[in-house]
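For reference, the structure is listed below as structure tokens.
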Amino acid sequence: MSGRVIVITSGKGGVGKTTASANIGVALATTGVSVALVDMDIGLRNLDILMGLENRVVYNLVDVIEERCKLRQALVKDKRLPNLCLLPAAQTRDKTAVNADQMKTLCTELKSMFDFVIVDSPAGIESGFQNAIAGADEGVIITTPEMSAVRDADRIIGLIEARKDEIKDHRLVINRIRPQMVKTNDMMSVEDVLEILSVKLLGIVPEDEEIIISTNKGEPVSGTDNVRSGLAYRNIARRLRGEDVPFMDLDALNNTWVTKLVKFFTPVRA
Amino acid sequence: MQVLNWFFRHRDESVRVRAKDRMRLMLIHDRLELPPDRLASLEEELIAVVSRYFEIDRETTRFDLQQYERRAALVANFPLLRSKC
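Which chain is which? The protein sequence lines are X and D, in order. Residue numbers for the first sequence follow this note's numbering, beginning at -17 and rising by one. Residue numbers for the second sequence follow this note's numbering, beginning at 0 and rising by one.
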């Protein structure tokens, strides 16, 4: 088997990389393929929490690299999906515990075992990021429609494009879009961000309080029905599998009875 | 007034457009690793060179960077009044 290694990255911290990694992993596994989630944020481990697996972690990625255990021993099986595994980061080490060559070797081994290997990259553009992208075949860049996040995403896109021999494809996910704010022209739209960054779009994820709830429960939203951010991540997973899925209609999300009422009383735009 | 503002807010494109314009300019400079005053000094030098050959209309001179995919293009427009030769 030769799977695909996809790195999830953003440059700026706090835009939703880990949430995206967990949700894309769960959504892909739900479609039936085997998935390994790799937490490369060494020293700041979080992916295990989002997956609700923090109590099951025995070994970690650094243990594998330093040969204290076999790769299979370090993989933590998901609670619900038998075809989904997590390779946790070490919490007590730092980014220097792994180098790019070791990461490449690890990715090659994981690729032989899984259909998809999703690597959650740390924030920043330093060694941690460089190691995270070392074994990647594809990149997914996460941004929010805020200027600082878009600027950092641009930097990351530049760095990824410079390695196009290894990273064959990269696409953008615009996270935490607030349709109402776009409508009132208080926030950049999906089109604005795409125009500025000139990059292919993989998905749009609307701002959703359910994300906070799901993190607290340790159950990614993409595993739950009737959650709009969960649907967005399931669509992303289908697109990663090559399906042509139309992008979410953000205006439709706006059509609650309150907005309909406001629209009724608002003068028609000239 | 507050209520009226809220109703009419969607007509004002300024915040979104301003963010987009700032963003575009910032990224062009980022991508070229161009310090902010560099462009102004290039403009001055170019005007000086062109001015040796032509009298130019400084009022309508346009000089800026435009985005073309992920690259930038330098677009200069020097309206010429008459030749100095």
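The beta-carbon is built from N, C-alpha and C at its ideal position, and this holds for glycine as well.
- The beta carbon of X:Asn167 sits closer than 8 Å to some beta carbon of chain D.
- The alpha-carbon separation between X:Glu177 and D:Thr59 amounts to approximately 28 Å.
- Within chain X, the residues Asn167 and Asp168 have their CB atoms less than 7 Å from the CB of D:Val14, given in chain order.
- Residue burial annotation: X:Met169 is buried, with at least 16 other C-beta atoms found within 10 angstroms of its C-beta.
- Taking 8 Å as the upper bound on Cβ-Cβ separation, chain X lies near residues Gln66, Glu68 and Arg69 of the region 42 to 75 of chain D.
- Among the CB atoms of chain D, one or more fall inside 8 Å of the CB of X:Ile178.
- By the criterion of a C-beta distance shorter than 7 Å, X:Ile47 is surrounded in its chain by Val80, Gln84 and Leu88, once the five residues flanking it on both sides are discounted.
- The beta carbon of X:Gly200 sits closer than 8 Å to those of Ile31, Leu32, Met33, Gly34, Leu35 and Glu36, all from its chain and outside the five residues before and after it, given in chain order.
- Among the residues of chain X, those whose CB is under 7 Å from the CB of D:Leu26 are Arg133, Asp136 and Ile178, following chain order.
- For the set D:Leu45, D:Asp20, D:Glu54 and D:Pro35, the Cα lying nearest the Cα of D:Gln66 is the one of D:Asp20.
- Secondary structure note for X:Pro161: its alpha helix (DSSP H) is the uninterrupted segment Pro161 to Lys165.
- Residue environment: X:Asp226 is assigned as exposed (fewer than 16 neighbouring CB atoms within 10 Å of its CB, all protein chains considered).
- Straight across, the Cα-Cα distance linking X:Asp60 with X:Arg216 is about 18 Å.
- Closest in alpha carbon position to X:Pro70, among X:Gly25, X:Phe111, X:Ala118 and X:Val8, is X:Gly25.
- With a threshold of 8 Å between beta carbons, D:Ala39 makes no contact with chain X.
- Closest by C-alpha distance to X:Ala18, out of X:Leu63, X:Thr(-9) and X:Arg27, is X:Leu63.
- Taking C-beta separations shorter than 8 Å and ignoring five residues to either side along the sequence, X:Lys146 has no partners in its chain.
- Runs of beta strand (DSSP E) with 3 or more residues, each lying fully within the region 117 to 163 of chain X, are found at 120 to 125 and 151 to 159, listed in chain order.
- Neighbours of D:Asp36 in chain X, taken as residues whose beta carbon is under 8 Å from its own, are absent, since the nearest beta carbon is some 20 Å off.
- From the listed residues X:Leu232, X:Phe229 and X:Lys(-1), the smallest Cα separation to X:Ile100 is found for X:Lys(-1).
- D:Lys19 has a beta carbon lying within less than 8 Å of a beta carbon in chain X.
- Taking 8 Å as the threshold, the shortest C-beta distance from D:Arg81 to chain X does not fall below it.
- Boundaries of the beta strand (DSSP E) around X:Ile100: Phe98 to Asp102.
- Taking X:Gly212 as the centre and dropping the five residues before and after it, the same chain places the C-beta of Val203, Ser204 and Thr206 closer than 6 Å to its C-beta, in chain order.
- Shown here, D:Ser82 sits in a strand according to DSSP, grouped into three states.
- At a cut-off of 8 Å between beta-carbon atoms, X:Met129 makes contact with chain D.
- Taking a beta-carbon distance threshold of 8 Å, X:Gly106 does not count as an interface residue toward chain D.
- In this structure, the straight-line span from the alpha carbon of X:Arg54 to that of X:Gly106 is close to 29 Å.
- Only buried fits X:Leu57, as 16 or more other CB atoms lie within 10 angstroms of its CB.
- Ranking D:Ala75, D:Arg69, D:Pro35 and D:Ser40 by CA distance to the CA of D:Asp56 puts D:Ala75 first.
- Rounded to the nearest whole angstrom, the CA to CA distance from X:Thr197 to D:Arg61 is 52 Å.
- With a cutoff of 8 Å on beta-carbon distance, X:Leu179 and X:Asp136 are scored as near each other.
- Non-local C-beta neighbours of X:Cys51 in its own chain, meaning closer than 6 Å and more than five positions away in sequence, comprise Tyr41 and Asp45, ordered along the chain.
- The count of Cβ pairs closer than 8 Å, one atom from the region 128 to 144 of chain X and one from the region -2 to 15 of chain X, stays below three, leaving the stretches out of contact.
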